[in-house]
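First residue of the sequence shown? That's 35 in our numbering, and the numbers climb one at a time after it.
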Amino acid sequence: MLAKKVEKLLNEQIVAEMYSANLYLSMSAWFSDKSLDGYANWFYVQYKEEMDHALIIYNYINNAGGVVKMGAVDAPPVDFKDTGDILEQTIAHEELVTSLIYAINSAATEAGDYKTIQFLDWFVKEQVEEEDNASTNLGRYKLFGADPRGLLTLDQEMAARTYSQTPELAAIEGA
Ligand SMILES: [Fe+2]
């Protein structure tokens, strides 16, 4: 059993993670169009990780005695001003996601729902990493991105990121 409010917020979080996924895929497409294939790759990997997050929550609701009810996912923006604009929007978005995770935590705490609090622990840690990655990307862009050669080097570094399925999801799907 999950408390109704916790169940509702977790369901909304599936949608929020899918929105994050689509937002990052949209950003990836923008970079692809600008021939910044390294950045495009980085955001493509980010898209996949966000889909993992959605599925981790989906599985948790099912396993914890709740009911998954899928909601509509809003369309992400498709036009961006420039690379800096995207990197700034990424930070703002990850801060928003952190606040959503905190809100679920508060509801779970209020409901005495310790299993959900424990479940969310991984997401709290993940958000530290997400916010750190986003601010590193912006910081490096601000330092080197204005110079074409600097931007090329950054793009090459972004190309090195590879996707591997989030272990928490691999554990569920392999079980
Ligand atoms: Fe996420």
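Note that beta-carbon positions come from the ideal geometry of N, C-alpha and C, so glycine has one too.
Own chain residues within Cβ distance below 7 Å of His127, not counting five before or after: Here residue 127 corresponds to residue number 93 of the sequence shown, with the count starting at 1. Once the five neighbours on either side are set aside, the close Cβ partners of His127 are Ser54, Leu57.
6 Å Cβ shell around Lys212 - same chain, five flanking residues per side excluded: Absent from the model: residue 212. The displayed extent of the chain is 35 to 209, so no value can be given.
Val216: CB within 7 Å of a non-hydrogen atom of ligand 1: Outside the shown range of the chain (35 to 209) lies residue 216, about which nothing can therefore be said.
Counted within 10 angstroms of its Cβ, other Cβ atoms place Asn96 as buried (16 or more) or exposed: What you label residue 96 is simply residue 62 of the sequence shown in a count that begins at 1. Label assigned to Asn96: exposed.
Where Ala180 falls, given that 16 or more other Cβ within 10 Å makes a residue buried: Reading the sequence shown from its first residue, position 146 is the one you call residue 180. Ala180 should be labelled exposed.
Contact test: Glu122 Cβ vs ligand 1 heavy atom, cutoff 7 Å: As a first step, residue 122 must be located in the sequence shown, where it is residue number 88. Flag unset: Cβ of Glu122 not near ligand 1.
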